[in-house]
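Below is one structure, written out as structure tokens, with a few remarks after it.
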Amino acid sequence: MERVLLDDVVETDYGQFDLVWGGGFGFDGDADRFFAGQVNGLVGAAHGDGVYMHFGRRSGGSPVRIVLADVAPGVPEESWEDVVEVSIDVRSEDVGWTSWGGESGGDLDGVAAGSYRLRVSARGRDIARDREFADGLFDAYLLELWPAPAEPDAILRIGSEDARYWHREWGSRRPT
Numbered sequence: 250m251e252r253v254l255l256d257d258v259v260e261t262d263y264g265q266f267d268l269v270w271g272g273g274f275g276f277d278g279d280a281d282r283f284f285a286g287q288v289n290g291l292v293g294a295a296h297g298d299g300v301y302m303h304f305g306r307r308s309g310g311s312p313v314r315i316v317l318a319d320v321a322p323g324v325p326e327e328s329w330e331d332v333v334e335v336s337i338d339v340r341s342e343d344v345g346w347t348s349w350g351g352e353s354g355g356d357l358d359g360v361a362a363g364s365y366r367l368r369v370s371a372r373g374r375d376i377a378r379d380r381e382f383a384d385g386l387f388d389a390y391l392l393e394l395w396p397a398p399a400e401p402d403a404i405l406r407i408g409s410e411d412a413r414y415w416h417r418e419w420g421s422r423r424p425t
């Protein structure tokens, strides 16, 4: 069974989108803390009070869909160019999302405390980066969350140059 927790165009700045729990604030600029021990550079899950994601677009709106499922999803659709999975330990039932500096955000009702796997799928990162301040929607994100024991993060697919850049810059914090 799946439950949609968010399906909307989210306005971000600096491309920042965070999942937070227990009153957490979100990304503070310390990539080493958020990406410690990870190979991917798109979804920082090493900090215990939340998960940091950066979108291809610097400022503007991006469609975001967050789904809570009972079981792991199947193979990602081909339309998703970049796909990463991380494990998270949600320590509170007070779970939400926020953009840079708390400019926008909301609750994610129904996520209980516990161990989860999070798959983040993206498309349009390159065009969104190139049109970072233009009007229109260029990149889109699907976040799938399901109960699972912890395991190392994984890069399932790389299709954009933007993702390659971030995997090099902020990923590779542990040997592959």
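In case it helps, the numbering used here puts the sequence shown at residues 250 to 425.
The beta carbon of each residue, even a glycine, is placed where N, CA and C say it ideally should be.
Member of the options whose CA lies at the smallest distance from the CA of residue i
| i | options | result |
| --- | --- | --- |
| glycine 297 | Val320, Phe283 and Ala361 | Phe283 |
| tyrosine 414 | Thr261, Gly290 and Glu260 | Gly290 |
| arginine 252 | Glu410, Ser421, Glu393 and Gly420 | Glu393 |
| aspartate 338 | Ser409, Gly310 and Ala397 | Ala397 |
| arginine 378 | Ile404, Gly359 and Glu410 | Glu410 |
| leucine 254 | Glu400, His416 and Val344 | Val344 |
| proline 312 | Val292, Gly278, Val369 and Ala285 | Val369 |
| tryptophan 349 | Ala412, Ser308 and Asp388 | Ser308 |
Neighbourhood of residue i by C-beta distance below 7 Å, restricted to the same chain and skipping five residues each side
| i | result |
| --- | --- |
| proline 424 | Residue placement at proline 424 is poorly supported in this model, since its pLDDT is 48, which falls under 50; the coordinates still yield a value, given next. Counting only Cβ-Cβ distances below 7 Å, and skipping sequence neighbours, we find nothing. |
| glutamate 418 | Gly290 |
| tryptophan 270 | Asp298, Gly299, Val339, Arg340, Ser341, Asp343 and Val344 |
| isoleucine 404 | Val288, Asn289, Val333 and His416 |
| glycine 310 | Val258, Val259, Glu260 and Leu386 |
Own chain partners of residue i with C-beta closer than 6 Å, once the 5 adjacent residues on each side are dropped
| i | result |
| --- | --- |
| alanine 321 | Trp395 |
| aspartate 319 | Met250 |
| alanine 371 | Asp331 and Tyr390 |
| leucine 367 | Val335, Ile337 and Leu394 |
Residue i in three-state terms, based on DSSP
| i | result |
| --- | --- |
| proline 424 | Only weak support exists for where proline 424 lies, its pLDDT of 48 falling under 50; the coordinates are left without a value. |
| phenylalanine 276 | coil |
| arginine 378 | helix |
| arginine 340 | coil |
| aspartate 411 | helix |
Whole-angstrom distance between residue j and residue i, CA atom to CA atom
| i | j | result |
| --- | --- | --- |
| aspartate 402 | aspartate 384 | 34 Å |
| arginine 406 | glutamate 342 | 31 Å |
| glutamate 381 | tyrosine 390 | 16 Å |
| aspartate 262 | glycine 305 | 11 Å |
| serine 364 | valine 332 | 20 Å |
| glutamate 260 | tryptophan 329 | 21 Å |
| alanine 362 | glycine 373 | 32 Å |
| threonine 347 | glutamate 400 | 25 Å |
| alanine 295 | alanine 280 | 10 Å |
| aspartate 257 | leucine 386 | 12 Å |
| glycine 420 | glycine 359 | 30 Å |
| glycine 455 | valine 292 | Outside the displayed range of the chain (250 to 425) lies residue 455, so it cannot be described from this structure. |
| glycine 278 | glycine 408 | 26 Å |
Closer than 6 Å: residue i CB and nearest the ligand ATP heavy atom
| i | result |
| --- | --- |
| tryptophan 419 | Questions concerning the ligand ATP fall outside what the structure shown contains, since it holds no ligand whatsoever. |
Residues of its chain near residue i, where Cβ-Cβ distance is below 8 Å and the 5 sequence neighbours each way are ignored
| i | result |
| --- | --- |
| isoleucine 376 | Gly305, Phe387 and Asp388 |
Check your understanding: Taking contact to mean at least 3 C-beta pairs separated by less than 8 Å, is the stretch 259-276 in contact with the stretch 292-308?
Key -> yes
Practice item. Evaluate contact between the stretch 352-361 and the stretch 323-335, counting only Cβ atoms and requiring at least three cross-stretch pairs below 8 Å. Key: no
Review point. At a cut of 8 Å, does the stretch 271-285 reach the stretch 305-320 through at least three beta carbon pairs?
Key: By the Cβ test, the stretch 271-285 is not in contact with the stretch 305-320, since fewer than three Cβ pairs between them sit closer than 8 Å.
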